[in-house]
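Each residue of the sequence shown is one higher than the one before, starting from 613 at the first, in the numbering used here. To start, the structure itself, in structure tokens.
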Amino acid sequence: MRNGAQDTQLTNQENMIYMGIDVHKRHINVAVMSEHVVLGQNHVEIRDVDAYMVRLKKKYPDRRLRAAYEAGFSGFALYHQLESLGIETIVVNAADVPTTDKERTTKSDRADSLKICHALKCGQLRKIWVPPDELSGDRDLVRYRLVLRQHLAKTKTRIKMFLYKQGVQIPPELESSHWTKAFQAWLKEQTMTTASSQTTLMLMLEELQHADQVYKKHLRRINELALTQRYSHNVDLLYTIPGIGRLTAITILTELGPIARFAKADQLASYVGLIPMQHQSGSSDRNMPIQRRAHQELRTLLVQCSWMAIKGSNHFNMVYEHKRKNKTSQVAIIAVARRLLNTIYAVLKKSQPFMESGTN
């Protein structure tokens with residue numbers, strides 16, 4: 613996330629050594645610059661990063677080292693590693709690194725690391741917020757629910773496809789997107805045409821049972837997390853907002869982190885991706901559809917919550933119906949999602965429950 617305009621230039625630039633790092637699975641490419649000259653570019657194996665940085669600090673004992681790299685698959689592991697070595701480090705959004713047309717068309721690791729290094733030296737980078745380790749772990753736990761849910765859904769689909777392949781017709785009264793106990797009991801009674809096919813079905817049902825048990829166990833762990841001291845108060849606050857359940861509340865809290873890092877509601881809306889794109893040229897100023905850059909999971913979740921909110925709240929239903937007068941339902945529900953997000957911001961910022969009057 614953009615955490616406001618954070619100038620990466622330091623007053624004592626002459627004493628700075630800048631590093632632009634391009635991160636890969638097994639190695640990093642490091643471009644090193646002083647204020648006036650490129651000092652070198654190196655290919656460093658991941659296992660040798662500590663030793664390389666220690667050598668660099670010894671080579672420039674009177675200089676401050678500052679590094680930047682793009683957020684990606686490796687998360688913040690390198691950030692913590694470099695910070696522990698006393699190297700000032702920022703993580704940036706790849707889309708925010710200034711890139712020329714030539715750099716786009718002739719991409720290389722060396723060019724990428726040098727590009728990041730030069731932008732860092734020139735103060736052109738904005739750092740993203742790095743969550744504390746505890747919050748990062750909580751976020752991983754909550755996010756894993758989607759992985760388990762998808763695995764459960766795919767397992768169910770495989771079983772149904774297997775039945776169709778075997779020519780087994782599901783009774784109409786049991787044909788449903790929900791796997792009822794009656795349907796599962798019916799499944800266990802099915803006899804396939806061959807012993808191998810029967811074994812396959814039994815193994816698939818065992819896999820389904822195991823996936824279901826793991827998913828339910830995981831939900832219990834998330835509920836336990838929501839009851840901890842660091843989350844319980846805010847979970848209760850968010851639960852007062854129409855359309856938001858406790859599972860949604862803990863998801864929002866772990867994804868956003870402390871609400872204080874957003875100076876105003878517009879910043880939060882920009883982070884989630886619920887603000888329109890804008891095209892301004894001369895006297896022309898047009899508002900466009902919502903921006904593509906977004907926290908996709910949160911934005912999708914808020915839209916889903918908005919459909920529930922308009923059914924259970926006059927306040928949010930009025931917002932929806934007002935927009936529906938001259939907009940499509942898709943545009944109207946996005947407006948509700950933005951209002952819902954503003955409400956979340958106000959409730960957490962003021963530490964007060966939602967009031968149906970809409971005074972939040």
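Every residue gets a Cβ at the ideal spot worked out from N, C-alpha and C, and that includes glycine.
- Query: Taking only runs of the beta strand (DSSP E) that begin and end inside the stretch 666 to 700, which ones reach a length of at least 3 residues, in chain order?
  - Reply: 676 to 682
- Message: Taking the straight line between their C-alpha atoms, what separation do you get for residue 767 and residue 958?
- Response: One-based indexing of the sequence shown puts residue 767 at position 155. One-based indexing of the sequence shown puts residue 958 at position 346. Answer to the nearest angstrom: the Cα atoms are 41 Å apart.
- Query: Around the C-beta of residue 685, are 16 or more other C-beta atoms found within 10 angstroms, so that it is buried, or is it exposed?
  - Reply: For the purposes of this step, residue 685 is taken as residue 73 along the sequence shown, with counting starting at 1. Answer is exposed; the Cβ neighbour count stays below 16.
- Item | Segment contact, 8 Å Cβ cut-off, at least three pairs: the stretch 819 to 837 with the stretch 705 to 718 | no
- Task: Inspect the CB distances between the stretch 768 to 777 and the stretch 837 to 845 and report whether three or more fall short of 8 Å.
- Result: no
- Message: I need the straight-line Cα distance from residue 813 to residue 821, nearest angstrom please.
- Response: One-based indexing of the sequence shown puts residue 813 at position 201. One-based indexing of the sequence shown puts residue 821 at position 209. Using only the alpha carbons, I get a separation of about 12 Å.
- Using DSSP with H/G/I as helix, E/B as strand and the rest coil, what is residue 632? In the sequence shown, counting from the first residue as 1, residue 632 sits at position 20. Looking at residue 632 - three-state DSSP - the assignment turns out to be strand.
- May I have a chain-ordered list of the alpha helix (DSSP H) segments no shorter than 4 residues that lie completely inside the stretch 841 to 885? 844 to 851, 858 to 868, 877 to 884
- Message: Between the alpha carbons of residue 739 and residue 671, how many angstroms are there, rounded?
- Response: Taking the sequence shown and counting its residues from 1, one reaches residue 739 at position 127. Taking the sequence shown and counting its residues from 1, one reaches residue 671 at position 59. If I take the Cα positions, the gap works out to 27 Å.
- Query: What residue range is occupied by the uninterrupted alpha helix (DSSP H) comprising residue 927?
  - Reply: If you number the sequence shown from 1, residue 927 lands on position 315. First-last of the alpha helix (DSSP H) with residue 927: 926 to 936.
- Task: Please report the residue range of the alpha helix (DSSP H) in which residue 816 lies.
- Result: As a position in the sequence shown, residue 816 is number 204, starting the count at 1. Residue 816 -> alpha helix (DSSP H) spans 807 to 838.
- Message: Below 8 Å, how does it come out for the stretch 644 to 651 and the stretch 682 to 698: are there three or more Cβ pairs, yes or no?
- Response: no
- Drop a sphere of 10 angstroms on the beta-carbon of residue 912, count the other beta-carbons inside from all chains shown, and report buried for 16 or more, exposed for fewer. Within the sequence shown, numbered from 1, the residue matching residue 912 stands at position 300. Classification of residue 912: exposed, given that the 10 Å Cβ count is below 16.
- Task: Provide the residue span of the beta strand (DSSP E) that contains residue 643, from first to last.
- Result: Along the sequence shown, read from residue 1 onward, the residue named residue 643 stands at position 31. Residue 643 -> beta strand (DSSP E) spans 639 to 645.
- Message: Using only the alpha-carbon positions, how far apart do residue 941 and residue 724 sit?
- Response: Position 329 of the sequence shown, counted from the first residue, corresponds to residue 941. Position 112 of the sequence shown, counted from the first residue, corresponds to residue 724. Approximately 43 Å, taken between the alpha carbons.
- With 16 other Cβ atoms within 10 Å as the buried cut-off, status of residue 758: The count along the sequence shown starts at 1 and reaches residue 758 at position 146. Flag for residue 758 reads exposed.
- Item | Touching by the beta-carbon criterion (3+ pairs, under 8 Å), the stretch 919 to 933 and the stretch 848 to 857 | yes
- Task: Inspect the beta-carbon positions of residue 880 and residue 874 and report whether they are closer than 7 Å.
- Result: For this step, residue 880 is matched to residue 268 along the sequence shown. For this step, residue 874 is matched to residue 262 along the sequence shown. Closer than 7 Å, so yes.
- Message: I'd like to confirm something about residue 718: is its beta-carbon nearer than 6 Å to some heavy atom of the ligand PLP, or not?
- Response: In terms of ligand content, the structure shown is empty, and the ligand PLP therefore cannot be addressed.
- Message: Assuming contact is defined by CB atoms lying nearer than 7 Å, are residue 635 and residue 664 in contact in what I supplied?
- Response: Walking along the sequence shown from the start, residue 635 turns up at place 23. Walking along the sequence shown from the start, residue 664 turns up at place 52. Going by C-beta atoms, residue 635 is not nearer than 7 Å to residue 664.
- As assigned by DSSP and simplified to three states, the class of residue 784: For the purposes of this step, residue 784 is taken as the residue at position 172 of the sequence shown. Correct three-state label for residue 784: helix.
- With DSSP as the reference, please indicate the residues paired to residue 652 in a beta bridge. Position 40 of the sequence shown, counted from the first residue, corresponds to residue 652. DSSP, once it has assigned bridges, lists 644 as partnering residue 652.
- Member of 658, 688, 939 whose CA lies at the smallest distance from the CA of residue 744: The residue given as residue 744 occupies position 132 in the sequence shown. The shortest C-alpha separation from residue 744 is found at 688.
- Is residue 662 buried or exposed, if buried means 16 or more other CB atoms sit within 10 Å of its CB? Here the question's residue 662 lines up with position 50 in the sequence shown. It counts as exposed.
- Message: Excluding the 5 residues flanking residue 754 on each side, which residues of the same chain have their C-beta closer than 7 Å to its C-beta?
- Response: Counting from 1 along the sequence shown, the entry for residue 754 is found at position 142. The residues are 834, 862, 863, 866.
- Query: So, residue 632 versus residue 782, is the Cβ gap smaller than 7 Å?
  - Reply: Counted from its first residue, the sequence shown places residue 632 at position 20. Counted from its first residue, the sequence shown places residue 782 at position 170. Cβ atoms of residue 632 and residue 782: not closer than 7 Å.
- Can residue 921 and residue 886 be called in contact, C-beta distance under 7 Å? In the sequence shown, the residue the question calls residue 921 occupies position 309. In the sequence shown, the residue the question calls residue 886 occupies position 274. No, the Cβ-Cβ distance between residue 921 and residue 886 is not below 7 Å.
- Exposed or buried, residue 703, counting other C-beta atoms within 10 Å across all chains shown (16 or more means buried)? If you number the sequence shown from 1, residue 703 lands on position 91. Under this definition residue 703 is a buried residue.
- Query: Can you tell me where the alpha helix (DSSP H) with residue 721 in it begins and where it stops?
  - Reply: Numbered from 1 along the sequence shown, position 109 holds the residue referred to as residue 721. First-last of the alpha helix (DSSP H) with residue 721: 721 to 733.
- Message: Once DSSP output is grouped into helix, strand and coil, what is the label at residue 939?
- Response: For the purposes of this step, residue 939 is taken as the residue at position 327 of the sequence shown. Coil.
- Going by DSSP, which residues form a beta bridge with residue 888? To locate residue 888, count along the sequence shown from 1; it is residue 276. Its beta-bridge partners are 902.
- Message: Using DSSP's beta-bridge definition, name the partner residues of residue 704.
- Response: On the sequence shown, residue 704 is found 92 positions in, with the first residue counted as 1. DSSP, once it has assigned bridges, lists 682, 739 as partnering residue 704.
- Message: Contact defined as beta carbons within less than 8 Å: I believe residue 668 pairs with residue 677. What is the distance between those atoms, to the nearest angstrom?
- Response: What you label residue 668 is simply residue 56 of the sequence shown in a count that begins at 1. What you label residue 677 is simply residue 65 of the sequence shown in a count that begins at 1. Confirmed, Cβ separation roughly 7 Å.
- Message: Measuring straight from C-alpha to C-alpha, what distance separates residue 747 and residue 764?
- Response: Within the sequence shown, numbered from 1, the residue matching residue 747 stands at position 135. Within the sequence shown, numbered from 1, the residue matching residue 764 stands at position 152. Taking the straight line from one Cα to the other gives about 26 Å.
- Going by the beta-carbon positions, is the gap between residue 871 and residue 960 smaller than 7 Å? For the purposes of this step, residue 871 is taken as the residue at position 259 of the sequence shown. For the purposes of this step, residue 960 is taken as the residue at position 348 of the sequence shown. Closer than 7 Å, so yes.
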